[in-house]
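Before any comments, here is the structure.
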Amino acid sequence: MAYNYHFDIATSSRGKILLKLIFKWKSSIWKAIYGELIVWCMMYFFISIIYRFALSPDQQDGFERFVQFINARMKYIPMDFMLGFFVTIVSNRWITQFGNLGMIDNIALFTSAYVNGRDEKARNIRRNIVRYCVLSQTMVFRDIHFGVRKRFPTLETMVAAGIMMPHELHKFNDVKTRYAKYWLGFNWALHLVNQAKKEGRIEGDIPRDAIAQEIKNFRTGLQLIWTYDWVPLPLMYPQLVFLAVHCYFLLCLIGRQFIIRPEAANTTEIDLWIPFMSIIEFLFYMGWLKVAMDLLNPFGEDDDDFDCNFLIDRNLTVSMAAVDDSYDDLPEIKKDIFWD
Amino acid sequence: MAYNYHFDIATSSRGKILLKLIFKWKSSIWKAIYGELIVWCMMYFFISIIYRFALSPDQQDGFERFVQFINARMKYIPMDFMLGFFVTIVSNRWITQFGNLGMIDNIALFTSAYVNGRDEKARNIRRNIVRYCVLSQTMVFRDIHFGVRKRFPTLETMVAAGIMMPHELHKFNDVKTRYAKYWLGFNWALHLVNQAKKEGRIEGDIPRDAIAQEIKNFRTGLQLIWTYDWVPLPLMYPQLVFLAVHCYFLLCLIGRQFIIRPEAANTTEIDLWIPFMSIIEFLFYMGWLKVAMDLLNPFGEDDDDFDCNFLIDRNLTVSMAAVDDSYDDLPEIKKDIFWD
Amino acid sequence: MAYNYHFDIATSSRGKILLKLIFKWKSSIWKAIYGELIVWCMMYFFISIIYRFALSPDQQDGFERFVQFINARMKYIPMDFMLGFFVTIVSNRWITQFGNLGMIDNIALFTSAYVNGRDEKARNIRRNIVRYCVLSQTMVFRDIHFGVRKRFPTLETMVAAGIMMPHELHKFNDVKTRYAKYWLGFNWALHLVNQAKKEGRIEGDIPRDAIAQEIKNFRTGLQLIWTYDWVPLPLMYPQLVFLAVHCYFLLCLIGRQFIIRPEAANTTEIDLWIPFMSIIEFLFYMGWLKVAMDLLNPFGEDDDDFDCNFLIDRNLTVSMAAVDDSYDDLPEIKKDIFWD
Amino acid sequence: MAYNYHFDIATSSRGKILLKLIFKWKSSIWKAIYGELIVWCMMYFFISIIYRFALSPDQQDGFERFVQFINARMKYIPMDFMLGFFVTIVSNRWITQFGNLGMIDNIALFTSAYVNGRDEKARNIRRNIVRYCVLSQTMVFRDIHFGVRKRFPTLETMVAAGIMMPHELHKFNDVKTRYAKYWLGFNWALHLVNQAKKEGRIEGDIPRDAIAQEIKNFRTGLQLIWTYDWVPLPLMYPQLVFLAVHCYFLLCLIGRQFIIRPEAANTTEIDLWIPFMSIIEFLFYMGWLKVAMDLLNPFGEDDDDFDCNFLIDRNLTVSMAAVDDSYDDLPEIKKDIFWD
Amino acid sequence: MAYNYHFDIATSSRGKILLKLIFKWKSSIWKAIYGELIVWCMMYFFISIIYRFALSPDQQDGFERFVQFINARMKYIPMDFMLGFFVTIVSNRWITQFGNLGMIDNIALFTSAYVNGRDEKARNIRRNIVRYCVLSQTMVFRDIHFGVRKRFPTLETMVAAGIMMPHELHKFNDVKTRYAKYWLGFNWALHLVNQAKKEGRIEGDIPRDAIAQEIKNFRTGLQLIWTYDWVPLPLMYPQLVFLAVHCYFLLCLIGRQFIIRPEAANTTEIDLWIPFMSIIEFLFYMGWLKVAMDLLNPFGEDDDDFDCNFLIDRNLTVSMAAVDDSYDDLPEIKKDIFWD
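Residue numbers (the numbering used here), protein chains in the order written: chain A, 111 to 450; chain B, 111 to 450; chain C, 111 to 450; chain D, 111 to 450; chain E, 111 to 450.
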């Protein structure tokens, strides 16, 4: 789950924020790019050593002209614009996905309020309505979220976890279709609502429809999630941005070499051996790319990705508490302290 | 249908992602631009050879000045800004269109829940309500999606595919109007809902209205799709961006030639014959333009375009399953495993 | 009406798209700027000839310094940023306006479904409900759309076109207020719905409210359109962008002259007489400005502007067909071909 | 009220548009910046004269170096980026505020349609429902709009204007709370709707709720307006942008001086006395800042600000006409001219 | 609470606005960055003094080359693009959070209108419905807002403040779950609404549902707030932007030193000792970063952060007034002054 830095920002003194933000490891920029950076540096030094020690002066001259040729044309690659606009687009996608992960609360609260009865069947109906919604949510998450897929590799594991019951799995498998059956759980939930109405546990059309509308909203959000997975942004766009950054730093391996011979046209001002300005540049652009890739697919297992397993557990627990334990369990009605 | 790269990103190790993202062919940037790139390179080499071998020194001098003149003014064309902002606008359009393609699920689930009866007529009514919606959707797609048009060149082919029935086609053709009749299927669906209510299969106004609202939402989404097709972005805007990129690289054919005579004012640092930096530039800008064009019209037959034929089949199958096979077919109500 | 290029993009081979997109005339960038370009070129050549033939060497020297002074400062005008951000803002406005032009379909379908009866009065009521909505829409369009204003210069012409009837115009004129009476048609429509309910043609509050809600949505969309017209973007913003582009190219008339005397500090690399790089620049920036102006007011009569006259006719025809001809005219209910 | 330039753009020939857009004074860029420009020019000439006539050659040399120092570093201030992004943010804010100013039409039309009766009390109830909404709107506007505050400095002036009645003011003042009482008018309106229902003037829960929902929507829009006023964008942001532009042109006073001594390293190409390129730059950047400030607070009294006084009057007049004069005043139902 | 500068902008003369905007201290840019600026200046002068007085000419030469090396590469850090796009993203987040803080008014007004009765129990029910909503809101704010957490460190302090009553706290603690119990208050509110209906204080399903929908909307807004806190923007993104700005100015400490030896290749035009252009740059970029950080977490205790304690008090007071004191307390119905 994502490290929540809000509290740090809100409460620390300035200096501490600076240190905390910079020297964080988990889900940090450092962790994201250190691998690439090490590889890049090793390649840089390899070329550097060749240039300094292995080449003849004539070859050095040719290399220096090549360096100059490349370095003068680095700005042909519009990384700034690509990254800026691309991150804006994928962050909007990220926010939309995040806003539709599906909190069960509205369904649970309305089920609790509108489906009456303390008998076993009433309790069961309420519990099943919300459980069927979590069941469908879990099925969607299994197909798009790496962590949920790992937790529930088969439907049987969902039965073991209590999200589904054996006879429900049986029924589920009876429905034959080559398309995903995310809708089935919702169908059960809606027909259960219907049955509750028929048995008088829901009084009237309006409460029934209110619950149905919430189930629909929940389902529509999940549908958005899986259609976003069904039709991703055209591969070309992330590929292009990805290539641009990697291509740029590949060229930097040559173009940013220190030129040590004073007779060259492009002798570097000072020979530092370590191209620290390019390393800084690497940090920011490669880091920016990592942000883009991170936002592009939040259903993986990175530190920052959505914790869908947590969400499933939370939805199950909270909804059971709301529809059963706290059903019609009001505090006594008393005068509050502002009563005049 | 679009290649889905999310799973790759989520699960592969870093090195593999890099390779997978870069060396993908289908719906990749490579596939999109290789044709243009080859043409461009051939033209470049043609000019290069003329300059090197066919021109007299005086002509070479003139050519070199011309090269310098152009190269110094390449930045007159604001490709970065145009592409960045244009892609943002068309990607918003793309997302809106994508979000309104029309999933039948809400209509199907509400029809299943609110239209009662196991007799043949009830089943027929439920099946027809959802089929009429898919029918209208198919008609919209026929007019805007190239692949659907190819699949259903005439209304008769829709009858053959079972989306429409012969007597319905007859009725459809009876309605004479010079405007598209997308609304007709929805009119049938709504009157069918009405009839179901009159026959007592729908109990009360609220359920009827709930189904009608879902039909309306579905229709409004499709309306958005075809009005987006009716009024495209003013032609000028894509034309401008398209021209900018092509004009830029046409100028590059001259402006990026290697200048080989040392007496020229703009002798290139090193003569490589292959303008690989310009080729890289070509890759990124032309690729960016392809992204824009791809997003501008997602109803074609590119690898990344919306797969509307799949959607029609899926809607038909899923809705039939939901309203008929799974109608009121609940799992037995039992205590779940969290029951205390 | 806008030229629809989607089909071209979707179906043509690459080369053809290029040619079609570039050599289109109607609503093209060429048509939009050729006038300005000719004027600009004539002014450029006039100055050029003066500089080359009419000035003394001393005057030429002064002119050359002036050219250098201006050319070195052209980037003081931030056209890129202004155009990019401005076009983004106006294109959002354009999309919002476009999305609220008002399709009558929802009102028509609900009126058809919920107002019962085949007798003359019932048919009249249904027809009038939708006609009154189109009537109000036409009144809004008359005040903001140039083409609709031309078609209906007076309310009498609306009567002649059948959108209004003489006794309705009389009633309309009876209402005295100094504010626009767009609401009046909707008031009639709503009271007509009321009357239909009183006469039992609409059964219950829910159907009545469903129609009323659609009328309200239609009206709210139109309200947005005319309030966008009432409060435009502050004049300053388009004025600023407009000025920036024109000012820039006015300065180009001087700053981009070919400097022909070798003793000048800024002798141009080569004397081509025709400033083709600046012409290309002109094409792109002036074209971008045209895109902005086009999007800023889509209610004019340009090739790309919204075709509101078409919309009025379409709304009238479609809604009449939906509420009258196709009222309760269902195809016979039969088993579809997927019936097992 | 804002000058509406849409009509000009739509109907004029090109040349006229150019002239009209450029030489407009009211709410123009010229009016917005002429003051600052004059002050800036005077300061510029003052420094210019000191440099040219008052300084010794040594002092001139120092000044010239200082000019060079500053001019080479002007781009340290990222005005382009700041203004571009800031204007985008504030223009979104502006559009949201504008879209929630509150048109009374929906409330008025629903009140007219759903509250029955031609007797005096019924008419009074209808009139009061809409008047109470306008009353609350006026109270909100009084607190955020400068012009409305000037028109209604006290609640008594609202009574004088007929928006409130004396006994209502009395009641209003009876409610003691240290928070704004914008909600009170809406409370009255809702209870009035209740009373109308109790007296049988509104038939059923659905119509009552329909009116209540419209009142709620109207109120929620106004709430958004005043919460935007309650929590403005953090002061820092506009302050930063404001400072950037002013700081930039303060530095220009030095950095853009004409350097007249040929022995200086940065002698200007030509001595024009008037820094017209910097004046042009001033025009565009200062103008852009004015656009930002204008959009940031549209509730002032600038030419472009929202005309809330007009809106109050319009709402009052239109709603009275809709609920009273045109109550149930339908044109006779006749066959329209398309009747076959 | 944020300083509201709208009134200043709207009403002051130009000169005054300038002064007010610039010389404001509270929640100003000056206050935000003065600390960092002082530290930076001290470090700059320390290095400056070392360079000027402590180094040998050879060391000075090396330092000067180092300065030149860095200064030529400062643009490797794309601060402009990062800050511009980042601030756009976080400002959208900020606006969304702000729009969902939760105003109780709609719930209060509907409770007041739809729950009847002047007896003690009715009054208590109305008061409790709204109080339970504020209670849940307070619980959410306690977990994300620093100031609310300080005010209510324990639930007992909420009891002391009257937001909760002792027996309610008891009941609250009885519900055992490891997830946040924000939903519990809403569950109570909904069951209270149910009870009111059962006792006939709410007449019919529609009013009950109307209140329930408002409670749901309020809760959904709060849910958005706490899920935004649950899943922040990936840490990497703010970290990256934060690092970029700090890294840039760290490099400036070297790269922007005045080079005083004339024999250096990069001798500064003039030795001013104070790097005022870099200080100005520091002001704008560091200020921009502060804006970003401020918008990123508006639930802290900065001058500009949301004043959630105020909101809780206001919601409690206003809702009590609306549901109790002003319940069904209408002004007498009289003819308004526009009555003809």
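Just so you know, even glycine gets a beta-carbon here, dropped at the ideal spot from N, CA and C.
Rounded to the nearest angstrom, what separates residue i and residue j at their Cα positions?
i, j, result
"E:F179", "E:G172", "10 angstroms"
"D:M274", "C:M249", "33 angstroms"
"A:R236", "D:K400", "59 angstroms"
"B:S166", "B:E174", "12 angstroms"
"B:T287", "C:H277", "28 angstroms"
"B:L393", "B:I143", "7 angstroms"
"D:F155", "D:Y395", "20 angstroms"
"D:A112", "D:F416", "The pLDDT assigned to D:A112 is 48, lower than 50, so where the model puts this residue is not dependable; a value taken from the coordinates is nonetheless given after this. Between D:A112 and D:F416, the C-alpha separation is close to 8 angstroms."
"B:L345", "A:L353", "30 angstroms"
"E:T206", "D:R203", "12 angstroms"
"A:P342", "A:Q170", "47 angstroms"
"B:F296", "B:N304", "12 angstroms"
"E:F133", "B:I139", "53 angstroms"
"D:N283", "D:L211", "25 angstroms"
"E:A322", "E:V433", "16 angstroms"
"D:I335", "D:D435", "31 angstroms"
"C:G534", "C:F409", "Any question about residue 534 of chain C goes unanswered here, given that chain C covers just 111 to 450."
"C:L294", "A:T427", "54 angstroms"
Counting along the chain, where does the alpha helix (DSSP H) carrying residue i start and finish?
i, result
"B:I239", "E230 to I254"
"C:Q305", "Y292 to K308"
"C:V278", "The question names Val, but residue 278 of chain C in the sequence shown is Glu. Start and end: P276 to D284."
"A:R318", "D315 to W340"
Could you tell me which chain A residues have their CB closer than 7 angstroms to the CB of residue i, listed as they occur along the chain?
i, result
"B:D339", "The contacting residues do not exist; B:D339 stays about 18 angstroms from chain A at best."
So residue i and residue j are in contact, right, with Cβ under 8 angstroms, and what is the actual spacing, rounded?
i, j, result
"A:A223", "E:H356", "Between E:H356 and A:A223 the Cβ distance is about 52 angstroms, and since that is not below 8 angstroms, they are no contact."
"A:V149", "A:I364", "At roughly 16 angstroms, the Cβ-Cβ gap does not stay under 8 angstroms, so A:V149 and A:I364 are not in contact."
"D:S388", "D:R366", "4 angstroms"
"B:F196", "B:A431", "Rounded, the Cβ-Cβ distance is 42 angstroms, inconsistent with contact."
Name the chain A residues whose beta carbon is nearer than 8 angstroms to that of residue i?
i, result
"E:K231", "I443"
Can you pull the chain E neighbours of residue i, defined as C-beta to C-beta under 8 angstroms?
i, result
"A:I447", "G272 and M275"
Can you pull the chain B neighbours of residue i, defined as C-beta to C-beta under 8 angstroms?
i, result
"A:R175", "E379 and I380"
"A:M346", "S137, S138, I139, A142, G397, K400, V401, D404 and D414"
What does residue i reach in chain B if we use C-beta pairs closer than 7 angstroms?
i, result
"C:R424", "Y289"
Report the neighbours of residue i on chain E: residues whose CB is nearer than 7 angstroms to its CB, in chain order.
i, result
"A:A431", "V285 and T287"
Mind pulling the chain D residues with CB within less than 8 angstroms of residue i?
i, result
"C:A322", "F220, A223 and A320"
In chain B, which residues lie with their C-beta within 9 angstroms of the C-beta of residue i?
i, result
"C:I312", "None at all; the shortest Cβ gap to chain B is about 10 angstroms."
"A:L300", "L219, F220, S222, A223 and Y224"
For residue i, which residues in chain C fall below 7 angstroms Cβ to Cβ?
i, result
"B:F394", "What B:F394 touches in chain C: nothing, since even the nearest Cβ is about 18 angstroms away."
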